[in-house]
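First the structure, in the form of structure tokens, and then the observations on it.
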Amino acid sequence: MIELIIMTLFLVDMINPKLSLVESFNSNYSLNKNVEPADISTNITKNGWKIDISPKPERINKDIYPSQSRATMAVDIDSAYALDSDNKDKRLPIASLTKLMTAYITLKNSSMDQILTVPKYETRSGDSQAGLIPGEQISVKSALYGLLLNSGSDAAQTLATGISGSQAEFVSKMNQAVIFLNLRNTHFTNPVGWDENQNYSTTEDIATLSRILLNNKDFSKIVSTKTTSIYTLDGREIALTNTNLLLNSNFLGVKTGYTFGAGECLVSKYVGNDHSLLTVLVGSNNRFLETKTYLDWINSQFLW
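Counting from 736, one number per residue, gives the positions in the sequence shown under this note's numbering.
Written out as structure tokens, the structure is:
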């Protein structure tokens, strides 16, 4: 059975090179907690993207989490098993969680040492910036740090125009990826996360995308970094500080977001007690405290 699955995935990849093995696998994999994960223990690896399916945890209590966010999701990263959710398929503005897809498209369509020219970018009220100056040049790697640590809208627009020639073309790639990854309730209109009617997602879709991204070593390293400096091609230093206040030896990412329309948003990866958890909050009033409370509750409900 395992051999048949792997052979099918290889055939899909040969037919459509844009659809990687990881994408093919995840496009057919549901995070619905009413559906148990498939019994697959095989590692599937291609171009640094890896999936490892392990047994699901056992629920030991029947409590219901009193969510304070507009939507929540908690997933066991290793098994992809959905532990808990509230409004997981409700379409909501997601603020800078949008930048997760910006990072995905970047990682799939460029090399880390590719050089980009910072464009004349748009700024909107409340935007976070990485500190880039139009006209200067910067590597994709540096721009990704600016995107994921400072949540820079300038970095998002630099990546979009530098990789695809225009933001419109880059957004088109984002929405193609939505289809490839089977993100059924997601659509993008910009690479930044600005509040726009057709820029939305769900906690379930964000969890799926985050799990895929965390299987990429470059992404995982960046989102777990607290502070660093990046350099433009002419040597100008830009100091960066991660907007995720939870980062420590147990919290290893992933992404913050905030706009007036979306409220406080946070995707977190937590590693402890021999297991890894992913939580997604959208529309929180206190994302860091609620994430810690949510994880404490999850750990009281399940046995690994």
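The beta carbon of each residue, even a glycine, is placed where N, CA and C say it ideally should be. Computed from a predicted model, the values in this text were never measured in an experiment.
With contacts defined as CB atoms closer than 9 Å, Ala865 and Asn844 fail to qualify as a contacting pair. Annotation: Tyr856 is outside any beta strand (DSSP E) and is labelled neither H nor E by DSSP.
Assignment of Gln911 by DSSP, reduced to helix, strand and coil, places it in the helix class.
In this structure, the alpha-carbon of Ala942 lies about 13 Å from that of Lys825.
Relative to Pro926, the option among Gly998, Asn1034, Met836 whose CA is nearest is Met836.
In the structure shown, the three-state DSSP call for Asp1031 is helix. For the pair Ala815 and His922, the Cα-to-Cα distance works out to about 23 Å. Here Ile812 is buried. Its C-beta has 16 or more other C-beta atoms within 10 Å. Our two residues, Glu793 and Ile957, have alpha carbons roughly 32 Å apart in a direct line. In the three-state scheme derived from DSSP, where H, G and I count as helix and E and B as strand, Gly1007 is classed as strand. Around Phe1037, the same chain offers Pro792, Glu793, Arg794, Ile795, Leu818 as residues with beta carbons nearer than 7 Å, after the five sequence neighbours per side are excluded. In this structure, DSSP gives Val927 a state outside helix and strand, which the three-state scheme calls coil. A direct Cα-Cα distance of roughly 15 Å separates Thr1026 from Thr978.
Pairwise C-beta distances place the region 1003 to 1012 in contact with the region 800 to 812, as three or more of them are shorter than 8 Å. Rounded to the nearest whole angstrom, the C-alpha separation of Lys1004 and Ser959 is 9 Å. In the DSSP assignment, Thr938 falls within the unbroken alpha helix (DSSP H) covering 938 to 949.
Per DSSP, the continuous alpha helix (DSSP H) segment holding Met836 begins and ends at 834 to 844.
In terms of Cβ geometry, Gln892 and Gln902 form a close pair [threshold 9 Å].
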